[in-house]
Amino acid sequence: MQSKKFQRQIEGFVCKKCGAKVRGNGYTDHCPVCLWGLHVDVNPGDRAAGCRGMMEPVRAEVKSGKYLLYYICKECGHKFRVKSAPEDNLYAVTKLINK
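Just so we're aligned: the sequence shown equals residues -7 to 91 in this note's numbering.
What follows is the structure, given as structure tokens:
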């Protein structure tokens, strides 16, 4: 039997970068204000990563009409890519394009 790669976790948090209070929807993996996140998952939602380092948004691109955000963990160097969420700060997203 194949294991489920995505585990939905509905949880809010206070952003460790900008202090915004974020209400999670089960798919929230970064702050919608500053776009920073925490390295907490191996697979989305599993909270199995032991690192807990800050995930810096380093660039964004538009693909098929959607924004993709690219991250790198400031602690261990792990690289990660996610789709932008509708509630994300569009100004912050577009500043990352062509970076």
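Glycine is no exception: its CB is placed at the ideal position from the N, C-alpha and C atoms.
So, for phenylalanine -2: in the same chain, excluding its five sequence neighbours on each side, which residues have a beta-carbon less than 6 Å away from its beta-carbon? Pro36 and Gly37
Going by DSSP, what residues sit across from glutamate 53 in a beta bridge? Leu60
Does DSSP put leucine 93 in a helix, in a strand, or in coil? There is simply no residue 93 to check, as the chain begins at -7 and stops at 91 in what is shown.
Between which residues of its own chain and glutamate 79 is the CB-CB distance below 7 Å, once the five residues before and five after are set aside? Pro24
Distance check for asparagine 90 and glycine 42, CA to CA, integer angstroms please. 31 Å
In the stretch 5 to 30, which residue ranges form an unbroken alpha helix (DSSP H) of at least 4 residues, counting only runs that do not cross its ends? none
Can you give me the C-alpha to C-alpha distance between valine 92 and valine 50, rounded to a whole angstrom? Because the chain spans -7 through 91 in this model, residue 92 falls outside it and cannot be assessed.
Please list the segments of the alpha helix (DSSP H) lying wholly inside the stretch 60 to 88, counting only runs of 4 or more residues, in order along the chain. 82 to 87
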